[in-house]
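The structure appears right after this line, and notes come after that.
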Amino acid sequence: MRYLLITYYKKPNGQIDESTAVSRNLKKRDIQTCNVILDFRTLSVVKCSMVGTVVPRDWDRIVTYYNQYYENIIERLLKENGYEIVKSEDPEKEVQPQTVDPS
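For the sequence shown, the working numbering begins at 4 and goes up steadily by one.
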């Protein structure tokens, strides 16, 4: 799979639902209806708009946001497209270097 497709639907009662899919190919229908399209082969944002507002196409920022909710899907898409996942360690667990007193 290559693309992560996210579509937002507004219900009659005012709630907004989110539909997520992955796809090998991008169709005209996807470009017209999806709010967010991420290409994991080229690591680019194909489309990103929220309720008619176009959002800046910053790959790192958008992927970081959606990774909170779709971590497994995003990791799988990265692996399938040949990218290695490097997770940063928890900053609280980092060992701080200590200086040795020369005396």
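Even glycine gets a Cβ: it sits at the ideal position worked out from N, Cα and C.
Other residues of its chain near Asp-104: CB distance less than 7 Å, five sequence neighbours each side excluded: With a pLDDT of only 49 at Asp-104, under the threshold of 50, the placement of this residue in the model should not be trusted; the figure read from the coordinates follows. Closer than 7 Å at the Cβ level, and outside the excluded window around Asp-104, lies no residue.
First through last residue of the alpha helix (DSSP H) which encompasses Lys-31: 31–36
Candidates Leu-41, Lys-30, Ile-19 and Met-4: closest to Thr-67 by CA position: Leu-41
Length of the line joining the Cα atoms of Asp-33 and Gly-85: 24 Å
Cut-off 6 Å between Cβ atoms - residues of its own chain near Lys-31, not counting five sequence neighbours on either side: none
Selection from Lys-90, Glu-83 and Val-89 that minimises the alpha carbon distance to Val-25: Glu-83
From Ser-22, Arg-5 and Tyr-6, residue whose alpha carbon lies closest to that of Lys-13: Ser-22
Glu-87 versus Glu-78 - alpha carbon distance: Those two C-alpha atoms are separated by around 9 Å.
Neighbour-count burial assignment, Glu-46, 16 or more Cβ in a 10 Å radius: Sequence inspection shows Leu at residue 46; the Glu mentioned does not correspond to that position. Flag for Leu-46 reads exposed.
Per DSSP, cross-strand counterpart(s) of Lys-50: Ile-40
For Glu-115, three-class secondary structure by DSSP: Here the chain comprises residues numbered 4 to 106, so residue 115 is not present and cannot be evaluated.
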